[in-house]
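Respectively, the protein sequence lines represent chains Y, G and P. The numbering used here puts the first residue of the first sequence at 31, with every later residue one more than the last. The numbering used here puts the first residue of the second sequence at 8, with every later residue one more than the last. The numbering used here puts the first residue of the third sequence at 2, with every later residue one more than the last. Backbone N, C-alpha and C fix where the C-beta goes; we use that ideal spot for every residue, glycine too. The structure presented is a predicted model; accordingly, all values stated were derived computationally and were not measured. Take a look at the structure set out below.
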Amino acid sequence: MMGIVIQGGRILDPANDLDADKDLFIDSTGFITGIGKAPEGFEATRRIDARGQIVCPGLIDLRARLREPGLEYKATMESETRAAVAAGITTLCCPPDTWPVIDTPAMAQMIQSRAWRFGLAFVHPLGALTQGLEGKLLTDMAALEEAGCVGMSNALEPITDTLVLRRAMEYAATFDLTVYLHAEDPWLRNTGCVHEGEVGTRLGLPGIPEAAETVAVARDLALIEQTGVRAHFCSLTSARAVAMLAEAQKQGLPVTADVAAHHLHLTEHDIGYFNTQCHVRPPLRGLRDRDALRAALQSGVISAVCSDHQPHEPDAKLAPFAESEPGISGLETLLPLTLKLVEEKLLTLNEAIAVLTVKPAGILGVECGSLSVGATADICIFDPKVHWMLSAEKFVSRGRNSPFLGWEFRGRVTHTLVGGEVVYELGLAT
Amino acid sequence: MSNDARKWNRTMTQTNELVDINATIAYMADELRPRLAQHPIMIGIHTGGAWVAERLHTLLGLNEALGTLDISFYRDDFSRLGMNPQVKTSNLPVNVENRHVILVDDVLHTGRTIRAALNEIFDYGRPASVTLAVLIHRDGRELPIEAQVVGHHLKLKKHQHIKLLGPEPLKLEIQEAHT
Amino acid sequence: MKRDDLQFDSHGRLRHLLTIEGLPRQTLLDILNTAESFISVGEREIKKVPLLRGKTVVNLFFEASTRTRTTFEIAAKRLSADVINLNPSASSTSKGETLLDTVRNLEAMHTELFVVRHRESGAAHLIATHVPEHVHIVNAGDGRHAHPTQALLDLFTIRRHKGPIENLKVAIVGDILHSRVARSEIHALNTLGAAEVRVIAPKTLLPTAVEKLGVHAYTDLRAGLDGVDVVIMLRLQRERMTGALISSEQEYFNLYGLTPEKLGFAKPDAIVMHPGPMNRGLDIDSAVADGPQSVILPQVTYGIAVRMAIMALIMGGAPQAESPPAGGRRA
Chain Y
31 MMGIVIQGGR
41 ILDPANDLDA
51 DKDLFIDSTG
61 FITGIGKAPE
71 GFEATRRIDA
81 RGQIVCPGLI
91 DLRARLREPG
101 LEYKATMESE
111 TRAAVAAGIT
121 TLCCPPDTWP
131 VIDTPAMAQM
141 IQSRAWRFGL
151 AFVHPLGALT
161 QGLEGKLLTD
171 MAALEEAGCV
181 GMSNALEPIT
191 DTLVLRRAME
201 YAATFDLTVY
211 LHAEDPWLRN
221 TGCVHEGEVG
231 TRLGLPGIPE
241 AAETVAVARD
251 LALIEQTGVR
261 AHFCSLTSAR
271 AVAMLAEAQK
281 QGLPVTADVA
291 AHHLHLTEHD
301 IGYFNTQCHV
311 RPPLRGLRDR
321 DALRAALQSG
331 VISAVCSDHQ
341 PHEPDAKLAP
351 FAESEPGISG
361 LETLLPLTLK
371 LVEEKLLTLN
381 EAIAVLTVKP
391 AGILGVECGS
401 LSVGATADIC
411 IFDPKVHWML
421 SAEKFVSRGR
431 NSPFLGWEFR
441 GRVTHTLVGG
451 EVVYELGLAT
Chain G
8 MSNDARKWNR
18 TMTQTNELVD
28 INATIAYMAD
38 ELRPRLAQHP
48 IMIGIHTGGA
58 WVAERLHTLL
68 GLNEALGTLD
78 ISFYRDDFSR
88 LGMNPQVKTS
98 NLPVNVENRH
108 VILVDDVLHT
118 GRTIRAALNE
128 IFDYGRPASV
138 TLAVLIHRDG
148 RELPIEAQVV
158 GHHLKLKKHQ
168 HIKLLGPEPL
178 KLEIQEAHT
Chain P
2 MKRDDLQFDS
12 HGRLRHLLTI
22 EGLPRQTLLD
32 ILNTAESFIS
42 VGEREIKKVP
52 LLRGKTVVNL
62 FFEASTRTRT
72 TFEIAAKRLS
82 ADVINLNPSA
92 SSTSKGETLL
102 DTVRNLEAMH
112 TELFVVRHRE
122 SGAAHLIATH
132 VPEHVHIVNA
142 GDGRHAHPTQ
152 ALLDLFTIRR
162 HKGPIENLKV
172 AIVGDILHSR
182 VARSEIHALN
192 TLGAAEVRVI
202 APKTLLPTAV
212 EKLGVHAYTD
222 LRAGLDGVDV
232 VIMLRLQRER
242 MTGALISSEQ
252 EYFNLYGLTP
262 EKLGFAKPDA
272 IVMHPGPMNR
282 GLDIDSAVAD
292 GPQSVILPQV
302 TYGIAVRMAI
312 MALIMGGAPQ
322 AESPPAGGRR
332 A
């Protein structure tokens, strides 16, 4: 048997509770074939030197926008999946708010096959919860699932008719589909673009009150209980909402949640003086909220960290704050920002890898995020000691819109393998 | 001794000798007295010129109020140096239209201050005439401007500046500019 | 990106006026003191001084306003500058590139000063971060964020009629939530050490955490005006009812409109101000607007002098306030 061996690295696989200095063996068909001891008759066609580095499952990003189809002037599937693997991310999930919307099996298939063609990161689409995301009519959820959708979502479009939301949840529950929810009451949100608080007041920017999130979370939780659907809250931002979620989980409701990496580090104060790089939706909130999100990640109430990747062309951010487009190009800071929490002693390294691998895999319900023997060889190798600074030139993504430009990070991806193939190597143009 | 002779006598004063200011101002008042027949009004240029003008105004017994001029808005070096926010207000209580004006300043050097003052006065009205009286006349003229009444002539080196300090007591100081 | 670095150049001179926040006390005083001199210019026959001769000032008003634009125009012309008025349309979908591209096109025509008014908070700041070194920006109002020239002329008015700010209690009444004038005034009053700054409005028109700006918030006009030396009335946009922010003009006027009787809650020698335009019968009763305690008309005259002072201070590099160096003030 021929294959690749990753030698001398520290294997960190929370899915299998593994933290050991062992070699990893991958066969030529792209599956993991051994850990620690070479399998019988194994011949290495390539040896990857991973001494001093961490070898973990390829990272899973629960939310990344690839801008294709519809917004190709911002980025493309090729550029963004390439950016993903450069950041150690081998699987990503994209929301259905492409143009056209992913509300037909054809769209779902098109996205997957297009991503497949590039041979970079795997893309799992979410199907639209309502047709055209308009919040009125149900989509063919069974067909969408068949076509590869791993869950349903109405993305950032609100479903204002509570009855429609209830029915959509019940329908999704029929097929055991997970509903991905963005909890935001559209009327309380109004024209807001920042957290409603002292920074918004000082800058004279319309605010989105915390109640916009908690009102929606309360409504959604009540319906989740009523309908029995499995639900996942995307990008929670407020301490209160986290408390509500914790209570619901204690009651045994099948709800999970993720947090965007930037919400674990930034607050409304980082907006400074109209820094549009900090214009995100949902908005950066207060210090108390940030600390509650961190605590929730530690306790497991929030189980995954995602990038909420939204690449933009430069002009999108070169506007007065309220007119600028929200979103951060976040793929390349997903791992670094999560590792920063380890540096700050908020998570162990094991926990950090877990919230980027096994936990999101569990939410997606997809087989990935582990280094089990027999699993697809989606692997991330990173050097935890390397210091580096994020600069605009370093971005692989088409979008350079990030408030983390100039930040110093510790830990950098050196190799990424997808299906046993090296798709990224630091220092080499792939 | 004729006025001219007296003028040239003063030219020979050593630069480091302090000038007797009170005597000089009294001398200026004498020189200006003949012009009282024209019923002149007096205008002093902030800050030093106004101090000198106050004393002249009293000595000559002028009964119309003294005007003061701040030429900050008419300087020719605004683009380079900008505006000093300690601007004092110009105040011309008497209409200059058709009047004989005695303009008073402390030091006549390049002539630029007087140029600015004349422009400003003309924005207030059209005087019948303007007579310039200065406490100190020094070399270094950059514009074709001369005073009709001079308290004291001085010859200074290029890097030296003379400054009138006040308001009480009035004192002349020579400053050496640093290169 | 520190905002106060942006308003000052590398020599510490005022380069842009974008917001009162972050300006040192001395800078505010310099502007007010300089404005005093310009008042006398406005009182004589020839109301011009040659300070900005040869310079071009562009009024870039993305949000229409005849009043403010006119005072800036008069101010610039009294400084002998050439003035160009532009009202580019700003539709709700217009992006920042239109804003910046407009500015770039104008720069090519050698404009030194832009006076900018825009519907969105942060617009003046955005422009200021993208212009070359010799270009200056004066914010004539950006969204709800700031209107520094208005605040300065209000402070000038207060100083002229009531003396030093330190002793005074000032109340600002009306739609604080949407008011850039209020925000700038609050910063200015606090920087100059006002004894107390109050805002008075129904809860719907008070922004969240408004006390953090350094004010005491009142919802009752009577309690709020008690012992106050200066009453600043804000304009209420009549459309606020549709946003469910007030119930009716009637009730608003009953509770917050300034009538002679309500004015009586303040000190007997209190002055009344209004940035204009007034809604008579809604913000303020005509008897008060035209009454003896009102300084609303003089505010307009002061506005020209204050804006002249701002433009003069920004356009010239300010020298050290003391003795000039070699080649300095030459007689």
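Query, Result
"Given that Pro51 of chain P touches chain G, what residues does it touch there, using C-beta distances under 8 Å?", "Phe80, Tyr81, Asn126"
"If we count the other Cβ atoms within 10 Å of its Cβ and call it buried at 16 or more, is Leu42 of chain Y buried or exposed?", "buried"
"When the Cα of His88 of chain G is compared with those of P:Thr57, P:Arg14, P:Phe39, P:His146, which residue comes out closest?", "Correcting the residue type first, residue 88 of chain G is Leu in the shown sequence and not His. Closest option to Leu88 of chain G, Cα to Cα, is P:Arg14."
"Give, in chain order, every unbroken run of the alpha helix (DSSP H) that is at least 4 residues long and sits entirely within the region 356–398 of chain Y.", "361–373, 379–384, 388–394"
"In whole angstroms, what separates the C-alpha of Asp83 of chain G from that of Ala123 of chain G?", "8 Å"
"With distances taken from CA atoms, which of Y:Arg77, Y:Cys86, Y:Ala322 is nearest Ala50 of chain Y?", "Y:Cys86"
"Buried or exposed for Ile177 of chain P, please, with buried defined as at least 16 other CB atoms from any protein chain shown within 10 angstroms of its CB.", "buried"
"Roughly how many angstroms lie between the CA atoms of Leu114 of chain P and Arg40 of chain G, to the nearest whole one?", "50 Å"
"What does Leu28 of chain Y touch in chain P if you count any residue whose Cβ is under 8 Å from its own?", "There is no way to answer for residue 28 of chain Y, as the model of chain Y reaches only from 31 to 460."
"Among residues of its own chain, excluding the 5 on either side of Ser333 of chain Y, which ones have a beta-carbon nearer than 6 Å to its beta-carbon?", "Thr286, Lys389"
"So which of P:Arg70, P:Arg223, P:Val231, P:Ala202 has the shortest CA-CA distance to Leu190 of chain P?", "P:Val231"
"Can you list, in chain order, the residues of its chain with a C-beta nearer than 6 Å to that of Asp57 of chain Y? Leave out the 5 residues immediately preceding and following it.", "Met31, Gly33, Thr63"
"Mind listing the chain Y neighbours of Ser122 of chain P? Cutoff is C-beta to C-beta under 8 Å, in chain order.", "Leu233, Gly234, Leu235, Phe304, Pro350, Phe351, Ala352"
"Can the beta-carbon of His148 of chain P be found less than 8 Å from the beta-carbon of Val182 of chain P?", "yes"
"Is it buried or exposed, Gln182 of chain G, if we count other Cβ atoms within 10 angstroms and call 16 or more buried?", "exposed"
"Between Y:Leu92, Y:Glu73, Y:Phe425, Y:Pro155, which has its C-alpha nearest Ala117 of chain Y's C-alpha?", "Y:Phe425"
"Scan the region 130–198 of chain Y and note each continuous beta strand (DSSP E) run of 3 residues or more that stays entirely inside, going in chain order.", "152–155"
"Could you spell out where the beta strand (DSSP E) holding Arg40 of chain Y opens and where it closes?", "40–43"
"What whole-angstrom Cβ distance do Leu266 of chain Y and Pro433 of chain Y have, given they're in contact under 8 Å?", "Between Pro433 of chain Y and Leu266 of chain Y the Cβ distance is about 20 Å, and since that is not below 8 Å, they are no contact."
"Would you decide whether Asp191 of chain Y is buried or exposed? Buried here means 16 or more other CB atoms lie within 10 Å of its CB.", "exposed"
"Any Cβ of chain G within less than 8 Å of the Cβ of Ile47 of chain P?", "yes"
"Going by beta-carbon coordinates alone, are Gly55 of chain G and Asp113 of chain G separated by less than 8 Å?", "yes"
"What residues in the region 88–101 of chain G have a beta carbon less than 9 Å from any beta carbon of chain P?", "Leu88, Gly89, Met90, Asn91, Pro92, Gln93, Val94, Lys95, Thr96, Ser97, Asn98, Leu99"
"Determine the DSSP secondary structure at Arg281 of chain P, reduced to helix, strand or coil.", "strand"
"According to DSSP, simplified to helix, strand and coil, what is Phe205 of chain Y?", "coil"
"Could you confirm whether any beta carbon from chain P is found closer than 8 Å to the beta carbon of Asp77 of chain G?", "yes"
"Can you tell me where the alpha helix (DSSP H) with Arg68 of chain P in it begins and where it stops?", "67–79"
"By DSSP, does Ile203 of chain P sit in helix, in strand, or in coil?", "The sequence shown places Pro at residue 203 of chain P, not Ile. If DSSP states are grouped into helix, strand and coil, Pro203 of chain P belongs with coil."
"Would a check of beta-carbon distances place Ser41 of chain P closer than 8 Å to chain G?", "yes"
"When you compare the CB positions of Ala213 of chain Y and Glu243 of chain Y, do they come within less than 8 Å of one another, or not?", "yes"
"Is the beta carbon of Leu294 of chain Y closer than 8 Å to that of Leu367 of chain Y?", "yes"
"Quick one: which chain P residues come within Cβ less than 8 Å of Asp146 of chain G?", "Within 8 Å Cβ-Cβ: nothing; Asp146 of chain G doesn't reach chain P, min ~12 Å."
"Whose C-beta lies closer than 8 Å to the C-beta of Ala65 of chain P among residues of the same chain, with five residues either side of it excluded?", "Asn88"
"Can you give me the C-alpha to C-alpha distance between Thr103 of chain P and His119 of chain P, rounded to a whole angstrom?", "13 Å"
"Using a Cβ-Cβ cut-off of less than 7 Å, give me the residues of the region 129–144 of chain P that come near chain Y, in sequence order.", "Gly144"
"So, for Ala109 of chain P: in the same chain, excluding its five sequence neighbours on each side, which residues have a beta-carbon less than 8 Å away from its beta-carbon?", "none"
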